[in-house]
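Residue numbers (this note's numbering), protein chains in the order written: chain A, 2 to 199; chain B, 7 to 292; chain C, 603 to 867.
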């Protein structure tokens, strides 16, 4: 796949969906999808155990198993007949996605409390961070330019100029670290993630 | 507890108090809009200028790589982008390489733009392929052979039978891709499409990339915009509100700008109070 | 076609990649051959035993997560971060097994489950306590980001862990989990290479591994001389990048863009 990235169609039989690289990529996707089945089995194991042991969370696990079976049946029905039943769509559109959006919205509250706790000018560096952060926040909000025209000017400077060198440095060194890690994994020297105890 | 001044107590305010103040404050602008003006940042202007270069019949891709969770940041920008593509007479291909709730997002875009989809014909003016997992692997395959990934659209019509896809089976005929994502999808398109394999770039027409991202990623996305890897960047609700103003269709992002103003001012006030309290108690301890 | 390939910038990028690999390998061989390489101690890694000791004293469990990681190991940016997190998980699990502390691992990444189970099982076996490992309670898997976050927040509120270890490819869940940990007073150690989450994790965690430190941490933990040698090669490469940056700036200032053209992909 590295050869595909660097040479593409210049190497016959390598690039493209019917060729070696495409086949490898397709198999990578297949393995990834099979892992989801493995995860589902793990989920059921955990929750069946909760129910069988009658723990204080057993009622939630029982509800999960019932709902899991219900949606699984609906999904299998769609697979067999090609018809998507209304409850299947309704649950996804109105329950799952709504809850997901709610959780993302909770982030705003957590960021608020994190900023309240962390943005303290304990030393010079923290004070500079604090001032820069205030300028960036008020540049992002329309009310900032109403309060003072300098807020969007300086805030956008921090965004477009001030923080760019740091971000580029992060990106470059992160990539170098990733290269080294990838190389160690390729030659088998990095074994921490498959069972070699530290 | 005795001996604690107001400044000590300020530093120990229960976070739930802040949550309630924030919650109540955020709902007020929805009831009484403030209508503050919005100035356009260079990255959003560049994105809009890129949309303006679409000529009649040219094909662009909308890659929906953000979930429903990110609707607040990404959806208004997608709506405004589709509207502008329609205004320019362009054609649209829509797919998702990573998020399985793209169907709901696309349905929402269609219901928000009845004036667009009452004139557009599916299969001729736009095609919706839906979700196919694989992320960067998918992007690489789509670069060379779209039919290998999407054999048919969501209606079940074979890709080869779609009038829009008659002469398009790889990325070389696509003007640019607008990636709406919460993290990495733009980088996949930059790596695999814009800076794709040797022969592809040599063909002279690599598709460009633009990003509609969340506000959290703005600082990281800005690096790609400023280096020229992306021709435009719409970041967060603020960027979406700017794009709505440029396109001339005020939508959800413009409405949320007032709430953003309130929350940001509250946060700045809270931070100032906390710091005043910190300095006051520090002076007292000395 | 042959000449054209050689002159193409993609080929030059491939040559540079091969040269980088050669540099890493050279230093790995030198280190294995006896060259002494000193690696600074990462405070975050040094704090892991402290975090687990805290949990042992308080009689509370440890929370561990490698983040959402885009839901798969087959992700160029986040897969390696997840693997690095799993490497550190092995180390943390071994310390927990030694101290008798319960550790629970949360993840939405299905394809990491076999690796994680094997890593944790091996850690328990290495401490002579294979029966203490129960995969159905030690590993908490949820298929998507939102359920994983909900499960994590609920568990943190109920079990009140003494320590939370967050190493991997995080997204917006980092700020929620870290703040939940702060609410209950947990000691938090984090590490990620996702730039968009760094500010939140730095604000919320007591110790932090930033960017390539996450990848280097597993090298430091393993203590293998050749693996540490690759860190030296990485540092040399950083210096070479800095030098080329300086040379490129000077050349560009005098109007010569040949280096930029050579390296532009």
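C-beta: ideal position from N, C-alpha, C; glycine also.
Closer than 9 Å at the beta carbon, the chain B residues around residue i
| i | result |
| --- | --- |
| residue 34/A | 139 |
| residue 748/C | 73, 75 |
C-beta atoms of residue i and residue j nearer than 8 Å
| i | j | result |
| --- | --- | --- |
| residue 644/C | residue 819/C | yes |
| residue 712/C | residue 39/A | yes |
| residue 195/A | residue 720/C | yes |
| residue 178/A | residue 729/C | no |
| residue 97/B | residue 255/B | no |
| residue 72/B | residue 186/B | yes |
| residue 773/C | residue 791/C | no |
| residue 133/B | residue 168/B | yes |
| residue 157/B | residue 29/A | no |
| residue 268/B | residue 35/B | yes |
| residue 683/C | residue 673/C | no |
| residue 103/B | residue 80/B | no |
| residue 656/C | residue 765/C | yes |
| residue 52/A | residue 70/A | no |
| residue 831/C | residue 630/C | yes |
| residue 242/B | residue 221/B | yes |
| residue 768/C | residue 679/C | no |
| residue 717/C | residue 688/C | yes |
| residue 102/A | residue 77/B | yes |
| residue 180/B | residue 67/B | yes |
| residue 118/A | residue 127/A | no |
Under 8 Å from the C-beta of residue i: neighbouring residues of chain A
| i | result |
| --- | --- |
| residue 135/B | Near residue 135/B there are no residues of chain A at all, since even the closest Cβ is about 15 Å away, more than 8 Å. |
| residue 817/C | 178, 179, 181, 182 |
| residue 99/B | Ordered by position in chain A, no residue passes the 8 Å Cβ test against residue 99/B, which lies about 18 Å from the chain. |
| residue 224/B | 160 |
| residue 628/C | The premise fails here: residue 628/C is roughly 12 Å from chain A at the closest Cβ pair, so nothing lies under 8 Å. |
Neighbour list for residue i in chain C, Cβ cutoff strictly below 8 Å
| i | result |
| --- | --- |
| residue 130/B | By Cβ distance, chain C contributes nothing, its closest Cβ being about 34 Å from residue 130/B, past 8 Å. |
| residue 1/A | Because chain A here runs from 2 to 199, residue 1/A falls outside it and cannot be looked at. |
Residues that residue i contacts on chain B, provided the C-beta gap is smaller than 8 Å
| i | result |
| --- | --- |
| residue 65/A | Simply none; closest approach about 20 Å. |
| residue 677/C | 141, 142, 190 |
| residue 672/C | 104, 141, 189, 190 |
| residue 3/A | Residues of chain B passing the Cβ test: none, with the nearest at roughly 11 Å. |
| residue 773/C | 188, 189 |
Neighbouring residues, chain C, relative to residue i (Cβ below 9 Å)
| i | result |
| --- | --- |
| residue 109/B | Those within 9 Å of residue 109/B in chain C number zero; the least Cβ separation is about 16 Å. |
Under 7 Å by beta carbon: chain C residues contacting residue i
| i | result |
| --- | --- |
| residue 171/A | 797, 813 |
| residue 40/A | 712, 715, 743, 745 |
| residue 218/B | Under the 7 Å cutoff, chain C gives no residues; its nearest Cβ is about 15 Å from residue 218/B. |
Whole-angstrom C-beta distance between residue j and residue i, which should lie under 8 Å
| i | j | result |
| --- | --- | --- |
| residue 177/B | residue 197/B | Not a contact, Cβ separation roughly 12 Å. |
| residue 240/B | residue 50/B | 5 Å |
| residue 86/B | residue 250/B | 5 Å |
| residue 758/C | residue 783/C | 6 Å |
| residue 160/B | residue 135/B | 7 Å |
| residue 738/C | residue 46/A | 5 Å |
| residue 112/A | residue 777/C | 6 Å |
Where residue i meets chain B, residues with beta-carbon distance less than 7 Å
| i | result |
| --- | --- |
| residue 143/A | 42, 43, 44, 263, 267 |
| residue 13/A | Correct list: empty, because the minimum Cβ distance to chain B is about 12 Å. |
Proximal residues of chain A, C-beta to C-beta of residue i below 9 Å
| i | result |
| --- | --- |
| residue 686/C | 182, 191, 193, 194 |
| residue 87/B | Simply none; closest approach about 21 Å. |
| residue 612/C | 6, 7, 8, 9 |
Partners in chain F for residue i, counting only beta-carbon separations shorter than 8 Å
| i | result |
| --- | --- |
| residue 44/A | Looking at the structure shown, chain F is missing, and the protein chains on hand are A, B and C. |
Closer than 7 Å at the beta carbon, the chain A residues around residue i
| i | result |
| --- | --- |
| residue 700/C | None at all; the shortest Cβ gap to chain A is about 11 Å. |
| residue 47/B | 157 |
| residue 36/B | The premise fails here: residue 36/B is roughly 14 Å from chain A at the closest Cβ pair, so nothing lies under 7 Å. |
Legend entry - Within the region 51-98 of chain B, ranges of the beta strand (DSSP E) (whole runs, at least 3 residues): Counting only runs of 3 or more, we get 65-71.
Legend entry - Contiguous alpha helix (DSSP H) assignments of at least 4 residues, all confined to the region 74-156 of chain A: 87-91, 98-119, 125-141, 143-148
Legend entry - Unbroken stretches of the alpha helix (DSSP H), 4 residues or longer, contained in the region 637-723 of chain C: 645-660, 681-701
Inset, instruction - Check each residue of the region 64-83 of chain B: if its Cβ is closer than 8 Å to any Cβ of chain A, include it; give the result in chain order. - result: 73, 74, 75, 76, 77, 78
Legend entry - Residues in the region 826-849 of chain C having any Cβ partner in chain A nearer than 8 Å: Listed by position, the residues of the region 826-849 of chain C near chain A (Cβ gap below 8 Å) are 826, 828, 829, 832, 833, 835, 836, 839, 840, 843.
Legend entry - Under 7 Å (Cβ pairs) to chain C, residues found in the region 86-115 of chain A: 100, 101, 104, 105, 107, 108, 111, 112, 114, 115
Inset, instruction - Anything in the region 120-131 of chain A with a Cβ closer than 7 Å to a Cβ of chain C? List those residues in chain order, please. - result: Against chain C - using a Cβ distance shorter than 7 Å - the region 120-131 of chain A contributes no residues.
Legend entry - Contact residues within the region 171-186 of chain B, judged by C-beta distance below 8 Å to chain A: none
Legend entry - Those runs of the beta strand (DSSP E) which lie wholly inside the region 129-192 of chain B and span at least 3 residues: 132-137, 182-187
Inset, instruction - Kindly provide the ranges of any alpha helix (DSSP H) runs that are 4 or more residues long and lie completely inside the region 227-284 of chain B, ordered along the chain. - result: 242-253
Legend entry - Against chain C: residues of the region 46-62 of chain A by CB proximity under 7 Å: 46, 47, 50
Inset, instruction - Can you check the region 763-841 of chain C for any beta strand (DSSP E) of at least 3 residues that lies completely inside it and give the ranges in chain order? - result: The region 763-841 of chain C contains these whole beta strand (DSSP E) runs: 765-769, 789-794, 809-812.
Inset, instruction - Could you please tell me which residues of the region 632-657 of chain C, in chain order, have their CB closer than 7 Å to any CB of chain A? - result: none
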